[in-house]
Each structure stands twice: as C-alpha cells, then as structure tokens.
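Trainee: When we follow this note's numbering, the leftmost residue of the sequence shown carries the number 169, and every step to the right adds one. Yeah, the Cβ is synthetic: ideal placement off N, Cα and C, and Gly gets one too. Keep in mind the model is a prediction, meaning the values are calculated, not measured. Below are the structure tokens for one structure; questions will follow.
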Amino acid sequence: MKRFLSEDKFQWGIVLCCQFIFIGFVCSRALVSIGMVALLVISLLQNGALELFSKYSHRKELWILSIFFFIVFVSGIYSEDKAGWLTWVRIKLPYLALPIAFVGLKKIEERKFIALFYGFIFTFFASTSVVLANYFLNYEFINESFLRGNGIPMPYSHIRYTLMLTFALFAAVYLWSTKIYLINAAEKWLQLFFIVFSFLSLHVLAVRSALLALYISLLLVVIQYAVVRKKFLQSVGILAGLSIVLFIAIEYVPSLHNKLGFMNYDRIMYEKGQVKNLTDGIRIASIKGALEIAKENFWLGIGAGDLRNEMNNFYNQHYPEIPASDHKLPHNQFVWILATTGISGLLFFLFAFFFPFFYKGNYKHWLFVVFHLILFSSFITEATLEEQMGTAFYLIFLLLLMNHFKK
Numbered sequence: 169m170k171r172f173l174s175e176d177k178f179q180w181g182i183v184l185c186c187q188f189i190f191i192g193f194v195c196s197r198a199l200v201s202i203g204m205v206a207l208l209v210i211s212l213l214q215n216g217a218l219e220l221f222s223k224y225s226h227r228k229e230l231w232i233l234s235i236f237f238f239i240v241f242v243s244g245i246y247s248e249d250k251a252g253w254l255t256w257v258r259i260k261l262p263y264l265a266l267p268i269a270f271v272g273l274k275k276i277e278e279r280k281f282i283a284l285f286y287g288f289i290f291t292f293f294a295s296t297s298v299v300l301a302n303y304f305l306n307y308e309f310i311n312e313s314f315l316r317g318n319g320i321p322m323p324y325s326h327i328r329y330t331l332m333l334t335f336a337l338f339a340a341v342y343l344w345s346t347k348i349y350l351i352n353a354a355e356k357w358l359q360l361f362f363i364v365f366s367f368l369s370l371h372v373l374a375v376r377s378a379l380l381a382l383y384i385s386l387l388l389v390v391i392q393y394a395v396v397r398k399k400f401l402q403s404v405g406i407l408a409g410l411s412i413v414l415f416i417a418i419e420y421v422p423s424l425h426n427k428l429g430f431m432n433y434d435r436i437m438y439e440k441g442q443v444k445n446l447t448d449g450i451r452i453a454s455i456k457g458a459l460e461i462a463k464e465n466f467w468l469g470i471g472a473g474d475l476r477n478e479m480n481n482f483y484n485q486h487y488p489e490i491p492a493s494d495h496k497l498p499h500n501q502f503v504w505i506l507a508t509t510g511i512s513g514l515l516f517f518l519f520a521f522f523f524p525f526f527y528k529g530n531y532k533h534w535l536f537v538v539f540h541l542i543l544f545s546s547f548i549t550e551a552t553l554e555e556q557m558g559t560a561f562y563l564i565f566l567l568l569l570m571n572h573f574k575k
C-alpha cells in the first residue's frame, strides 16, 4: 500500500496527536479521546489495516496489553448490570486501539521524541502555573479548607494530575541528565528550571500519592546514581538533603502541613468508628467493602458491571450514615481488580502490567522504571487505571517509552 505520508511527516503527526492528548489531560476529556482516535486513524492511513494487524500479531509486548481489556470484557458474561459493564468496557478500549496505532511506528527520531517531552512538560508547566496562581489568590480560604479534608482545585482527578506532574519532572530530569536538546545546550537551564518548579509545586499541591511516588522515585534514581557512578558519599548527601527538604515542607508549607494535620484527625476519628465526612476513612471503607465482595466471589469476581451496585449494598448495610453521593468505589487498583474479576483477573492484570517492564531489558532504563514506580505506588491508594485520564497517561507513555528504548 502506498504510504499516506512520508515517515518524517507521519512521526510529526504522531507528535501532534500526542500533544492534543497532553492538552486534554489538563483541560478537555474530549481532546484526550480525539487525540487517541487520531493516533489510530493516522496509523491506519499510513500503514493499512492488514499490515498493522499482521505486525501486531507478532509484537507480544503490544498485544499482551489487550489483557487489560479482555479481563473486563469477559466479566460481562456474569455481570447482571450490562449498562454498567459497557461503561467499563468503553474505558478499556484504548488497550486495543493504541497498541495497534503504535505497531506501525518506527523508532521515533530523537528530535521528535524531545519535542514530545517538551510538549508534555510545557503543558504541565502552564497548567500548574494557573493552579498555583488560583491557590495564591485564595490563599487563606484554600489553606483553611485543607482542615476540612479539601484541597487545591486541580483539573479532573487531583491524584492523576499530580502523578502526571511527577512524571513530567522526571522527563525533564531525563533530558537534562542525558544532555539531549531540541535546539542547543542553553536548554539545560530551562530543563533545570522546570525540575525545580515542579519539585516545589508538588509540595505545595500536597497530594500524598504524588509525593510518595516522587520520593520513592528519587530514592531509586539516587541509588542508581550511587551504584553506576560510584558516588556513594554524594548520594548520601543528596538523600540527607531531600529528607531535610521534606521535613521543612511538612512544617512550613501551609497546604502540606494542614493536609497532614487533617490526615491525623481523619485517623483518630476512624479509630473511634466515625467515617462520615472523612476522606481517608471512606477510602478505607471502600477497600473493606471491595474485599468483602472479593471473598464471596474469589475466583472470578462479581463482574465489572455489578461493582457499583454491590458497593452501594455494602455501604447501606455497614455505613448507613454515609450519603449515596459519598459511596466511593474501591480506592485501590489491586482490590478493584480482585473484586470485579477475582484472583484470576488479578493475576492476568499483574502479568500484563509487568511484562513490558521486563521485556527486552526495559527495566534497565531508569526512566522506564520510574514511570512504573509512579503508577504502581499510586495503585495502593487509587484505582488509577479505572478512568479515562489514568488509562491514557499509562498507555501513551508506556508505548512512547517502549518505542524510544527499543534497539
């Protein structure tokens, strides 16, 4: 089949589609969907459907990602609520479409890969600047709202948003440490500025999942630096410095200080048996409820379509004081999968998640490891992949990094 575009224009088209998705992460769910569909369409036009599917069948690191889709799809057989099941199936469709879109893509040229990273970094720089501006314009009110369990207003899910900001930080670290530039070496100062900006911003935004991902990833990077460069004393100094920064932030950054203060209050009230109007308390209740459901449906789960109804039944029975609007689905990715698809689904999920990590030595690249650490650490307190933004973030950067690091 005659190529729709030259390889150079095709790759720039991929960059443009990804940029639509990045902008969508901060302001438009529709743009995320449009960008993902455009990626598939441009790849079909460039390579042809038969060629794409032929290549796809030989790329196990790509078709294995379809497991994320099929464990939910198969659960529809025993889901009573078919409408609810179709909602989750729709969210999982990118696990089929995006790997096919990337299968016909040769290794992205370095300049285009840098442009991709810069697009992501600058999108989050602009968005975070707006978020922080709103925070400082309403400084007293928002800081006081932390004591009631609220936080700084952010686009869509504050957890997924700050996880993306955390990865943007490490994307800038990658560009800075590898000394690769779009135009010239003066860019290193721009890269360094964003590293510092996003590092400080994450402490002000005070989202615990993102801070956990940040410090676990920093620990990994420092250990890798110590082992590879033999800079053990410097690494100890860096870790000591990071510990001091974290202590200062907890004590003197009002948003983070108040967030942890409410977290302690939340814990005390939960231990007294109160859950209503708490944040962590309801999250723990959601996990307990999902585990109860999983116990009764150990092998295959309740089915993705019936999770919400079963969780509502659990809340009504054990926490009748909690209004229906606060009936949260399980705030843990592993427990979510266990409740909906059982232990069999969880094993398939873990296999699909870790296969690309180990495939052809991807784990040897520290940025690939950091990306997985950011996501995996968030699974403890959030069902990160059970939503459009989380799915798109995971798939786009997983596929981009696998493309970039392949030989």
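With a threshold of 16 other CB atoms inside 10 Å of the CB of GLN187, please say whether the residue is buried or exposed.
Mentor: So GLN187 ends up on the buried side.
Trainee: Please determine, among THR508, MET570, GLY513, the residue with the shortest C-alpha to C-alpha distance to HIS540.
Mentor: Residue MET570 is the option with its Cα nearest to HIS540.
Trainee: Reducing DSSP to helix, strand and coil, say where HIS499 ends up.
Mentor: Three-state DSSP puts HIS499 in coil, outside helix and strand.
Trainee: Can you give the Cα-Cα distance for ILE232 and LYS427, rounded to whole angstroms?
Mentor: C-alpha separation (whole angstroms): 40 Å.
Trainee: Quick check on GLY558: buried or exposed, where buried means 16 or more other Cβ atoms within 10 Å of its Cβ?
Mentor: So GLY558 ends up on the buried side.
Trainee: Relative to the C-alpha of THR291, which residue among PHE526, GLU278, ILE268, ALA340 is closest?
Mentor: Cα-wise, what sits closest to THR291 is ALA340.
Trainee: By the 10 Å Cβ neighbour count, where 16 or more other Cβ atoms means buried, how is GLU550 classified, buried or exposed?
Mentor: Under this definition GLU550 is a buried residue.
Trainee: Between the C-alpha atoms of HIS495 and VAL375, what's the straight-line distance to the nearest angstrom?
Mentor: C-alpha separation (whole angstroms): 21 Å.
Trainee: Is it right to say ILE412 is buried, meaning 16 or more other beta carbons lie within 10 angstroms of its own, or is it exposed?
Mentor: By the 10 Å Cβ count, ILE412 comes out exposed.
Trainee: Which one of LYS444, PHE288, LYS532, ARG476 has the shortest CA to CA distance from GLU489?
Mentor: Among LYS444, PHE288, LYS532, ARG476, the Cα nearest to that of GLU489 is on LYS444.
Trainee: Quick one: Cα of ARG316 to Cα of LYS440, how far?
Mentor: Near 18 Å, if we compare the C-alpha coordinates of LYS440 and ARG316.
Trainee: Assuming LEU566 is part of the alpha helix (DSSP H), what are its boundary residues?
Mentor: Counting along the chain, the alpha helix (DSSP H) containing LEU566 begins and ends at 556-573.
Trainee: In whole angstroms, give me the CA-to-CA distance for ILE189 and GLY471.
Mentor: Cα to Cα, ILE189 sits roughly 30 Å from GLY471.
Trainee: Flag this pair as yes or no: are the beta carbons of LEU284 and ILE276 separated by less than 9 Å?
Mentor: Yes.
Trainee: Check whether the Cβ of GLU308 lies closer than 9 Å to any Cβ atom in chain B.
Mentor: Looking at the structure shown, chain B is missing, and only one protein chain is on hand.
Trainee: Would you kindly report the start and end of the unbroken alpha helix (DSSP H) that includes PHE193?
Mentor: That run of the alpha helix (DSSP H) goes 175-195.
Trainee: Enumerated in chain order, which unbroken segments of the alpha helix (DSSP H) with a length of 4 residues or greater are wholly contained in the region 366-451?
Mentor: Correct list: 376-397, 400-420, 422-439.
Trainee: By alpha-carbon positions, which one of TYR420, SER345, TYR438, TRP467 ends up nearest to TRP534?
Mentor: Among TYR420, SER345, TYR438, TRP467, the Cα nearest to that of TRP534 is on SER345.
Trainee: Are ALA263 and LEU563 closer than 9 Å when you measure CB to CB?
Mentor: The sequence given here has Tyr at residue 263, not Ala. Their beta carbons are under 9 Å apart, which means TYR263 touches LEU563 by this criterion.
Trainee: So for PRO262, helix, strand or coil by DSSP?
Mentor: Residue state, collapsed to three classes: helix.
Trainee: For the alpha helix (DSSP H) containing TRP344, list its first residue and its last residue.
Mentor: First-last of the alpha helix (DSSP H) with TRP344: 326-346.
Trainee: Exposed or buried, TRP357, counting other C-beta atoms within 10 Å across all chains shown (16 or more means buried)?
Mentor: Looking at its Cβ environment, which holds fewer than 16 other Cβ atoms inside 10 Å, TRP357 is exposed.
Trainee: Would you be able to state if there are at least three C-beta pairs under 8 Å between the region 209-223 and the region 442-456?
Mentor: Verdict: no, contact absent.
Trainee: Can you tell which of PRO422, ASP448, VAL421 has the C-alpha that lies nearest to the C-alpha of TYR433?
Mentor: Selected option, being the one with the closest Cα: ASP448.
Trainee: I want to check one thing, is the minimum distance from the CB of HIS495 to the heavy atoms of the ligand SAM below 8 Å?
Mentor: Among the ligands in the structure shown, none appear at all, so the ligand SAM cannot be discussed.
Trainee: From LYS177, TYR286, GLY457, TYR329, pick the residue whose C-alpha is nearest to that of GLN359; which is it?
Mentor: The shortest C-alpha separation from GLN359 is found at TYR286.
Trainee: Let me know if ILE542 comes out buried or exposed under the rule of 16 or more other beta-carbons within 10 Å of its beta-carbon.
Mentor: Result: buried.
Trainee: For LEU370, collect the residues of the same chain with a Cβ closer than 7 Å to its Cβ; drop the 5 residues on either side in sequence, then sort them by chain order.
Mentor: The answer, listed in chain order, is THR330, LEU333, THR334, ALA378, LEU379, LEU382.
Trainee: Could you check if LYS260 is buried or exposed, using at least 16 other CB atoms within 10 Å of its CB as the buried criterion?
Mentor: Buried: at least 16 other Cβ atoms inside 10 Å.
Trainee: Could you tell me the alpha carbon to alpha carbon distance between ALA394 and SER403, rounded to whole angstroms?
Mentor: Roughly 6 Å separates the two Cα atoms.
Trainee: Classify LEU468 as helix, strand or coil using the three-state DSSP reduction.
Mentor: Note: LEU468 maps to coil in three-state DSSP.
Trainee: Identify, in the order they occur along the chain, each residue of the same chain with its Cβ nearer than 7 Å to the Cβ of CYS195, setting aside the five sequence neighbours on each side.
Mentor: Correct list, in chain order: PRO323.
Trainee: Starting from ILE289, follow the alpha helix (DSSP H) in both directions and report where the run begins and ends.
Mentor: That run of the alpha helix (DSSP H) goes 278-305.
Trainee: According to DSSP, is LYS275 helix, strand or coil?
Mentor: In this structure, LYS275 counts as coil in the three-state DSSP scheme.
Trainee: With distances taken Cα to Cα, identify the nearest neighbour of GLU248 among GLY473, ASN530, PHE544.
Mentor: GLU248 has its Cα closest to that of GLY473, out of GLY473, ASN530, PHE544.
Trainee: Output needed for ALA507: all residues of its chain with C-beta closer than 7 Å, excluding positions within five of it in sequence on either side, in chain order.
Mentor: Once the five neighbours on either side are set aside, the close Cβ partners of ALA507 are ALA458, ILE461, ALA462, GLY469, ILE470, LEU475, PRO498.
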